[in-house]
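To start, the structure itself, in structure tokens.
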Amino acid sequence: MKTRRSEQSLIALVVVAALGVGVAGQTKPAPAAKSLYDRLGGAYSIATVVDDFIERLLVNDTLNANPAIKEARTRVPKAGLKFHVTTLVCEVTGGPCKYTGRTMKDSHAKLNINEVQWDAMVADFRKTLDTFKVPPPEQQELITIVGTTKKDIVQAAKP
Ligand code: HEM
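23 is the number of the first residue of the sequence shown in my numbering; add one for each residue after it.
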């Protein structure tokens, strides 16, 4: 089949584009991966998720059965707690924040948190993530990040 010169050029262009080859004959670089912070929607989305999560924790009967947690619930201003948790999540997901609170070990040292209470917290976290329809891959990344803090937060075994 005979093709005209302009048709040949067009076919060549389509083939080059389909192969992802640039004009210099090199493969296009893969687009930079978005940070988890960006995939979650940035500071406003993270603050909204943290707000819902902390509100759930404050009325969680399993957590409030622990007297140290219940005492802290009435003593610690919840707006401050939400601020600290938001900046922490923002920072560890690759956002532009700087967490200025205490370490997880120091801030939870006197709370005597056990495995049952940890599991109750994770269940509330999942409910929050589902409420805001956070996609499964991002949910999994967040749950994994939270999981890395468990060794510093849980002190008592299951009763
Ligand atoms: C069962 C699990 C948890 C419970 C019951 C719990 C409860 C608390 C309470 C009561 C406080 C206030 C302590 C005080 O100021 O005296 C606190 C502080 C804090 N928690 Fe948790 N927490 C849990 C897990 C987590 C996790 C998984 C994270 C983050 C990954 C986290 C992040 C923080 C932060 C950033 C603060 C503030 C630290 C500061 O004041 O400098 N907590 N938590």
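Beta carbons: idealized from backbone N, C-alpha and C, even for Gly.
Just so you know, these numbers come straight off a predicted model, no measurement behind them.
Item: Please classify Tyr-59 as buried or exposed, where buried requires at least 16 other C-beta atoms within 10 Å of its C-beta.; Value: buried
Item: Return helix, strand or coil for Gly-44, following the three-state DSSP convention.; Value: Low confidence applies to Gly-44: its pLDDT is 44, below 50, so where it sits in the model is not reliable, and the reading given next is rough at best. Three-state DSSP puts Gly-44 in coil, outside helix and strand.
Item: Would you check whether the ligand COA has a heavy atom nearer than 7 Å to the C-beta of Thr-171?; Value: For the structure depicted, the ligand COA is absent and the ligand set comprises only the ligand HEM.
Item: Taking 7 Å as the line, does the beta carbon of Ile-135 fall inside it for any heavy atom of the ligand HEM?; Value: yes
Item: What's the call for Val-81, buried or exposed, on a 16-neighbour Cβ count within 10 Å?; Value: exposed
Item: Taking DSSP as the reference, what is the three-state secondary structure of Ala-69?; Value: helix
Item: By how many angstroms is the C-alpha of Lys-172 removed from the C-alpha of Ile-165?; Value: 11 Å
Item: Is it a yes or a no for the region 123-136 touching the region 83-97, going by three-plus beta-carbon pairs under 8 Å?; Value: yes
Item: Between the region 121-131 and the region 60-67, can you find at least three pairs of beta-carbon atoms closer than 8 Å?; Value: no
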